[in-house]
Structures are given as structure tokens and as C-alpha cells.
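Take the sequence shown: its letter number 531 is residue 531 in full-length UniProt numbering, and every next letter is one higher. Think of the CB as a built atom: it goes at the ideal place given N, C-alpha and C, for glycine as much as any other residue. No experiment lies behind these values; they were computed from the predicted model shown. Before any comments, here is the structure.
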Amino acid sequence: MDKRKTLIFLRNFSLLLSLLCIFVLFIFLLRFITNEIDTNDEIKPPAEVRHRVLFISSYDPLYFTYDSQIKGLGKSLYPNGIEYDVAYMYSDARGSASIDQFYSFIKNRFSNMKKYEAILLGDDAALEFALKYQSELFPNMPMIFFGVNNYDLALKASRNPYISGLYENDYLEETINLAISLFPERKTLIGLHDQSSSGKTDFEIFWSLREKYPEYSFVDLDSSLLSQTDLVFLLAELPKDSILIYMTCYSDKQSNVYSMLARTSTVVRSASVPIFRNYVGGEGMGILGGVHMDVEEQCYKAGQMLIWALGNGDLSKMPLDAHTESRTAFDYRLMKSFNLDFSLLPKDTIFYNRPESFLSHYGKILPTIIMLFVTLIIILLYSKVGKMISMTYIAELKKSQKTLLDSQEQLTYQAEYDEILDVLNRRTITAWLRDKMKLDSVYSVVIIDIDDFKMLNENYGHSLADSILQYIVALLKGMVEEGGWKIARFGGDELLLVIPDEILDMDCQTVRQLFAAIRAPIPLGDESLAITASMGASCSDGITPAEQHIINAETAMYEAKTRGKNGIVIYDDKMKEKALEEIRIKEKLQAAFDNDGFFMLYQPQIDTQTKQVSGYEALVRMKEPGIYPGQFIPVAERSGWIWRIGRITTELVIKQLAAWRDQGKTLHPVSVNFSSNQLNDHGYVDFVEELLNRYDIPPHYLEIEITEGLFLEKSVLADDIFRRFKDLGIRLLMDDFGTGYSSLGYLTYIPVDVIKLDKSLVDTYLVDGKDSFIRNIIHLMHDLDKNMIIEGVEEERQFLRLKEFGADTIQGYFFSKPIPADEAIDFTVS
Numbered sequence: 001m002d003k004r005k006t007l008i009f010l011r012n013f014s015l016l017l018s019l020l021c022i023f024v025l026f027i028f029l030l031r032f033i034t035n036e037i038d039t040n041d042e043i044k045p046p047a048e049v050r051h052r053v054l055f056i057s058s059y060d061p062l063y064f065t066y067d068s069q070i071k072g073l074g075k076s077l078y079p080n081g082i083e084y085d086v087a088y089m090y091s092d093a094r095g096s097a098s099i100d101q102f103y104s105f106i107k108n109r110f111s112n113m114k115k116y117e118a119i120l121l122g123d124d125a126a127l128e129f130a131l132k133y134q135s136e137l138f139p140n141m142p143m144i145f146f147g148v149n150n151y152d153l154a155l156k157a158s159r160n161p162y163i164s165g166l167y168e169n170d171y172l173e174e175t176i177n178l179a180i181s182l183f184p185e186r187k188t189l190i191g192l193h194d195q196s197s198s199g200k201t202d203f204e205i206f207w208s209l210r211e212k213y214p215e216y217s218f219v220d221l222d223s224s225l226l227s228q229t230d231l232v233f234l235l236a237e238l239p240k241d242s243i244l245i246y247m248t249c250y251s252d253k254q255s256n257v258y259s260m261l262a263r264t265s266t267v268v269r270s271a272s273v274p275i276f277r278n279y280v281g282g283e284g285m286g287i288l289g290g291v292h293m294d295v296e297e298q299c300y301k302a303g304q305m306l307i308w309a310l311g312n313g314d315l316s317k318m319p320l321d322a323h324t325e326s327r328t329a330f331d332y333r334l335m336k337s338f339n340l341d342f343s344l345l346p347k348d349t350i351f352y353n354r355p356e357s358f359l360s361h362y363g364k365i366l367p368t369i370i371m372l373f374v375t376l377i378i379i380l381l382y383s384k385v386g387k388m389i390s391m392t393y394i395a396e397l398k399k400s401q402k403t404l405l406d407s408q409e410q411l412t413y414q415a416e417y418d419e420i421l422d423v424l425n426r427r428t429i430t431a432w433l434r435d436k437m438k439l440d441s442v443y444s445v446v447i448i449d450i451d452d453f454k455m456l457n458e459n460y461g462h463s464l465a466d467s468i469l470q471y472i473v474a475l476l477k478g479m480v481e482e483g484g485w486k487i488a489r490f491g492g493d494e495l496l497l498v499i500p501d502e503i504l505d506m507d508c509q510t511v512r513q514l515f516a517a518i519r520a521p522i523p524l525g526d527e528s529l530a531i532t533a534s535m536g537a538s539c540s541d542g543i544t545p546a547e548q549h550i551i552n553a554e555t556a557m558y559e560a561k562t563r564g565k566n567g568i569v570i571y572d573d574k575m576k577e578k579a580l581e582e583i584r585i586k587e588k589l590q591a592a593f594d595n596d597g598f599f600m601l602y603q604p605q606i607d608t609q610t611k612q613v614s615g616y617e618a619l620v621r622m623k624e625p626g627i628y629p630g631q632f633i634p635v636a637e638r639s640g641w642i643w644r645i646g647r648i649t650t651e652l653v654i655k656q657l658a659a660w661r662d663q664g665k666t667l668h669p670v671s672v673n674f675s676s677n678q679l680n681d682h683g684y685v686d687f688v689e690e691l692l693n694r695y696d697i698p699p700h701y702l703e704i705e706i707t708e709g710l711f712l713e714k715s716v717l718a719d720d721i722f723r724r725f726k727d728l729g730i731r732l733l734m735d736d737f738g739t740g741y742s743s744l745g746y747l748t749y750i751p752v753d754v755i756k757l758d759k760s761l762v763d764t765y766l767v768d769g770k771d772s773f774i775r776n777i778i779h780l781m782h783d784l785d786k787n788m789i790i791e792g793v794e795e796e797r798q799f800l801r802l803k804e805f806g807a808d809t810i811q812g813y814f815f816s817k818p819i820p821a822d823e824a825i826d827f828t829v830s
């Protein structure tokens, strides 16, 4: 009887509870139907206008970032009583005449019309205009720039006491990282850009990433050199294993300028490979996705900087802001079409073209329906069954919560840590530095790069190389935990340390401890391995932002590499001066590219037996006084411009051969140098062939000098270029022989015709008691049916000894320094 009463009581209680739920549902539905839900933000009343400023836009209102710029500026300026006018430069559509007209327009406005308290500068062209005419048009006026792609320009402007602003991160590297992750089997990256200021910056960054991804082929596709028809054809013929990186690209060979929508339509309709983009615009049109800057957020920050400046803020104390939040956006349908793994994308990725799900469509009413259904179930169930279901539900809920918690912890770990080394990753340590280290904090940032780590990978394999890194990290963790440091993996073989409360110097105890840990022999079975590392450090100074210290430490680390490795360099103003000097040389190089700023000298090569000229080495020089090859060649290599110099020098040499021939002179072979970075100039061999045909020069009069290291790489790309040179009938010379580390056995199979013995071997071994080494090398080369050119011969005794040894050709100051073409062709040995 008690059990029955209990069941009746529980059933009645369930019924009462269900009726109550139905009443609540009815009230909810009534409010849902009768009340209009206002999702708009409360409209704020406009503030009283207290300031008036001028916004100079580099482009026009149709430019793809303009709407976002206006929205971001409005959010920050209008509520603070700041009104602005807009002046458009239309920089991508017109030339210098347009700049002159714009100058006259601004000058007239400042002279006769409105007065402004400050200037906003949108994109590179506007900033360049403001810098040029600052003293005339905008003296002592605060100026805030944004959307500037050229980092050197932004850095230069930020040093002006009246100018500050925000650099536009292009997020090209992040976009390429996602592209490589999604398509690991595709090994060719096509960079599509034009010659606008943004396009040039995109290209330079794109080209600079080749060293970070040596296993990938980087191909440049410049729309400014192509007609619309040519572009469509090349896009349609892209290799099947390629990925298209669609950067700034709105102009063509005929100076036509296309809108973002028009250009995007052309690219999407023509290319059949995956398309990635590192800028906003074109979503839903066929672009797979990418990472781009949040334009609206950057312009909002620019407005905040302007508000600060108008409030008597000192812009000279406001450093360049080099970071703006990014957005990752992808096309859901294309992700499905390519059968890609969504888990490879960041958690905050925005998807467009995503089909509406059942939950999103019925989400508002579904809880009500479910609640009603549950209510009906409650009516039908007895207390004992209900209790069993409740207990089961509670148990499963606890289990799900635990699983979810474990999964969340794992995802957090993967997002913040490097799984191989179990230390923080690059993104996490950068964010930690930015948040925790203030300008007045005392700390040092150290970047450690293992010397010759690539050789470890090749000799021991990636797995063992990772184990070596893990061993080093384990040694360092003891110091990290004891000192309260932070350690992170900054790159492949690069580690980053943050050392609080200490300013490092070259010989401090901390540095000695770091080197002692790294240089300690690493046990490998019955053997041990000794390694070295190059370190760069940047110390807090109360001025430099934390993120800049990372950049400075990396700069110092690369300086340590150039000084011979196995050491540490502390970042100082001299490196900043070196960076500024590199910027100056880059500007001179760009001017030389644009204004025929190169010329060639020719160093005669003398036959040892006849003392007659047998050939020349062509050496490039800049017409700009005071800039020498040792300065501009390394800068061109690092900037990705060496291929341009390679083409210029090749054309100058072939034209000179044609000129000598037309003058009735006797021709001799001329060799030009070929850099390893020119391997990615896929059209170079075709370019050479076209020049030889155009000037009617037999191929055997042109020779290509290639360094020993490039022959030793044995890459597919290098082998293909060597074969094509040989097929043309062009001889290959090995330059700098003797500076590498390989055995002589490789000389039996590499496709080289002439060996050039490096000057360092001549200076070291062409002396009494050691010169048999030189004689043996010459005889060995002759046995291999290869000729030898001895470089760096400066004394008669050296020449006579080499002649006795049977050397074929001599090149050096003993006979002649590099001389102009008109002297070189008539040169004879006196």
C-alpha cells in the first residue's frame, strides 16, 4: 500500500510539474510571438564637433578596403567629437600627373578653405605624399597613418616626431602556412601580384619566404608584365601540383586597373588550382580562404591614436604599431569540395557559403518543442523509471563533462605548446611577452639557433635530430625552472628564452651557462655528438616594445651566424645602423633597376703557355658611387632581387659580345656568375636562349660560373637547369673550388667543364713545401678531362710555378684587374 501511494504521489507530482512546464512554455511562446526583438545596438547621440581633421586616402571609394576603413574611423572618431573630410589620391589609376594635381588641390584647400588640426593617411601613397610635402603643407601637424604595406617606409615615418601609425601586416606567411598544411602534397607556390606599392611589398615578403620553405618552389607571376589575355592563359596552365597565392594584383601590362571584384572573377574563372588570399575581399567568389588583417580594427586603433594626439599627446613617444588582429576566413563549400581537414584551421575561423543546419534554422523554437516533449514524457513515466533515467543521465553527463574537459585541455595544449619539445610555441610566447612585459620591465630575450642543424637532419634523420633538440631542451629546462625563465620553440631549430630581471652581456654567467649546456657532448649509443649554437639577445631598455625585442634578438642571432657561428651577439644600435644601411642600399638598388644603374667590368683570363687572352669573367658594378659589390650583392640575395641582377648582367654581356663582333674584334668566351637563389627564376634559361638568338651570338661565347656548393646540392631543380645549359651548348664553370667540404669523387659525375681554383688555396698552398698540392690538383683535373683556371694570381713567381705545373689559364691582378669593355677587348700581356 505504501508503494502504491508513493507511486500515485509521484505520478501526480509529475503531472503537476508538467502542467507548470506547459504554463511556462505558453508564457514564453506568447512573449516570443508578440514582442519584437531588437538586435540593433543602442544608437548613441552624436557628440559635439570639437575637432576637424583631413583623411587622405591613397585610392578611391571603390577600393576594396575603403568601407572597412570608414567604419573603423567612424567608431572611434564620431563619439569623440571629431569630424573628418576625405581627399582621394587615386594612386593606382594614375601617374605622377595625378600626384601633381592632388598636390595643387591640397595646397588650395589649405590656403583658401578649411583648416584642419591633424591628418589621417590611408595606405602607402598617402604616407609618401605627406612625408614629401610635410614642411610645406602640414608643418607641425600630427599625422597618423594606417594600411601601410612597406615596413621600411612605416619605420622611417614613425621616426618623425609628428608622425606615428600602424603597419599593415600582410599575414602572407600565415596564409602560406595554412595552404601548406591543407595541401602537403603540392610543392609549388605561385605568387600573383602587380607592381603597385602593395604588390611590390607582397612580392618581397613572398620571395623572402623561400629560405624558410626550401622544399617548395616559389614562382613569381607579375600581372603588371602581362596583358589580361596572357594572365588568363598562364592561370589556366598552372601546374596541377601548385597553389595560387592571390596577393595585391589589380593592374596589367597596358596600365589597365581592375576592381577587386573584376580581378577576382578573372582569377577564379581561369585557375583550376586552390586559391588563397591574404587580403579581405572576394569572399564567396571561389577563393578557398586565407588570413588577412582586420582593416576595421586597425582603423579604429588609428582613430584612438589620433584622439590621443589631439589631446596634446607627444607622437614622438608613440612607437610604430606593427601588429593588428587578423581574421581567418574560408569557403565552407570549397573546403568540402577539396575534401580538406577542417581541424587544420584555427578555432576562430570564419566560414562563408556554409549551408544552414537544422539547429541554426529551428534553434529558437527547438528548445520549446523539446521541453514540451519532455513534459509529455514526464506525464507517462513512473517515478521509479524516471529515477533510473535521471541517475543514468547524471552519470553520462559527468562522463561527458570529463571527456569535454580533457579534450579542451588537449586542444589548449596543442594551441599553446610545441608537442615535440613540450615547450611554449612561437605564438604563445609572443602573446605572453606582449601581455606580461611592460616598458619598465627588466628582462632579456635570447634566441638560440643550432649551427648546421640541416646537416644533422641529413646525416642522422629527422627523428634523431628531434631527439637531439629534446635533449638540449631537457638540459635548459633545469636553468629555466631555477631562474623563473620562459622557454619556447621559435622555429625549426630555434629556441627562445625570456630571462626576467637580468640584462645579459657577452660574458655574463648566464651566457656561459647556456653555452656550457649546449656544447656538452650528447651521447649517441657508444659515441657522442658535439654541437654548437649561435645566439642573439635583446635586452629591455624602457623604450622598445616586447615584441620588437624578439625581432632584435633574431637580428642579433643572424649577426652571430655571419661572424662565424658558435657565439652570441647582443643587439645594439650598430645593428640598427646596419639595418638602416641595408635599407639605403635597397633604395639605391631599386633606383638602379629603374634607371639603368649597372655596368660591367671584364677581367682577362690568360692562357698560361701563349700569354694570350682566352676569355673574360664579367663582374657587375653599380653606377652609384661608393656602393661596391660586397655591399649590394648580399642585400640583393637577401631581398630576392639577385635574379633581376642576373638577368641584367647576362643581357649586358651578350649585348657587349654583339658590339665587339660588330666592331670586328676577335671574340673570346665571357663567363657570368649564377647564384643559387637564381634557381627559382624558372624562365632564366629561356631568357638566355632568346638573347643569344636576338643578338646572333653562338652559345659557346657565354659561360656560366656556378659555385661549388650549388653543384653539391644535387637538387632536381639544379640538375634540370644544368642540363638545359648543356643542351644549349653553354659551358659550365665551377667557381670557388676548394671552399666546400665534399670529397673529390663528385667531380666524376657533375656536368662541369672548367674548374676555377679559389684564391684562398693559391695563397695557402702555392708556397715552398706545399705547392705539390696545387700540382696534384691540376694533374687530377687533367686526368678527369677538365680545364683549370687559377684565380687570384698576383705575383710572377706564382705564374711561373703554375706554368711549370701545367695550369691552363691564369686570372688575377698579376696580369690585369677588372677593366672596362673597350680596354678588355684590346688587352694584351705586356
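Fewer than three pairs of CB atoms, one per stretch, sit closer than 8 angstroms, so the region 505-523 makes no contact with the region 431-442. Annotation for E481: no beta strand (DSSP E) segment contains it, though the alpha helix (DSSP H) segment containing it runs 462-483. Partner residues in the beta bridge of Q603, as assigned by DSSP, are E617. Beta-bridge partners assigned by DSSP to G313: none are found. Three or more pairs of CB atoms, one per stretch, sit closer than 8 angstroms, so the region 559-574 contacts the region 529-541. In terms of Cβ geometry, K759 and M734 do not form a close pair [threshold 8 angstroms]. R186 is the residue among G284, S251, L209, R186 whose C-alpha sits nearest the C-alpha of L238.
Only exposed fits H462, as fewer than 16 other CB atoms lie within 10 angstroms of its CB.
Counting only the Cα atoms, S639 lies some 7 angstroms from E204. Out of P319, R723, A807, G484, the CA that lies nearest to the CA of I144 is found in P319. Approximately 19 angstroms separates the beta-carbon atoms of A125 and S223; this is outside 8 angstroms, ruling out the contact.
Per DSSP, Y695 has no beta bridge partner at all.
K576 is classed as exposed because its beta carbon has fewer than 16 other beta carbons within 10 Å across all chains shown. DSSP places L178 in the helix class (H, G or I) of the three-state scheme.
By the C-beta density criterion, T649 is buried, having at least 16 other C-beta atoms within 10 angstroms. Under the three-state reduction of DSSP, E705 is assigned to strand. Under DSSP, the beta-bridge partners assigned to G122 are S57, F146.
Under the criterion of beta carbons closer than 8 angstroms, D123 and G147 qualify as touching, at roughly 4 angstroms. Scanning T248, L172, I447, T188 for the CA closest to the CA of Y571 turns up I447.
Three or more Cβ pairs closer than 8 angstroms define a contact, and the region 547-559 falls short of that threshold against the region 599-607. By the Cβ test, the region 645-661 is in contact with the region 670-680, since at least three Cβ pairs between them sit closer than 8 angstroms. V232 and L221 have their C-alpha atoms spaced approximately 12 angstroms apart.
The three-state reading of DSSP puts K486 in strand, counting E and B together. A distance below 6 angstroms between beta-carbons, with the five flanking residues on each side excluded, links S68 to the following residues of its chain, in chain order: V295, E296. Rounded to the nearest angstrom, the Cβ distance from A618 to V672 is 5 angstroms, consistent with a contact under 8 angstroms. According to the DSSP secondary-structure assignment, R277 is paired through a beta bridge with Y246. One Cα belongs to I243, the other to G289, and the distance between them is close to 12 angstroms. Between the C-alpha atoms of E581 and R427 there is a straight-line separation of about 30 angstroms.
DSSP places H779 in the uninterrupted alpha helix (DSSP H) bounded by 772-783.
Taking all protein chains in view, the Cβ of L476 is crowded by 16 or more other Cβ atoms within 10 Å, so the residue is classified as buried. The beta carbons of L424 and K486 sit about 7 angstroms from each other, so the pair counts as a contact at 8 angstroms. Bridge partners of R52 according to DSSP: E83.
Annotation for P699: L692, L728, G729, I730 place their beta carbon closer than 7 angstroms to its own, counting only its chain and skipping 5 residues before and after. In the DSSP secondary-structure assignment, E494 is bridged to D449.
If you draw a straight line from the Cα of N256 to the Cα of A262, it comes to about 12 angstroms.
Only residues of its own chain outside the window of five on either side were considered, and among them V268 have a CB closer than 6 angstroms to the CB of G286, listed in chain order.
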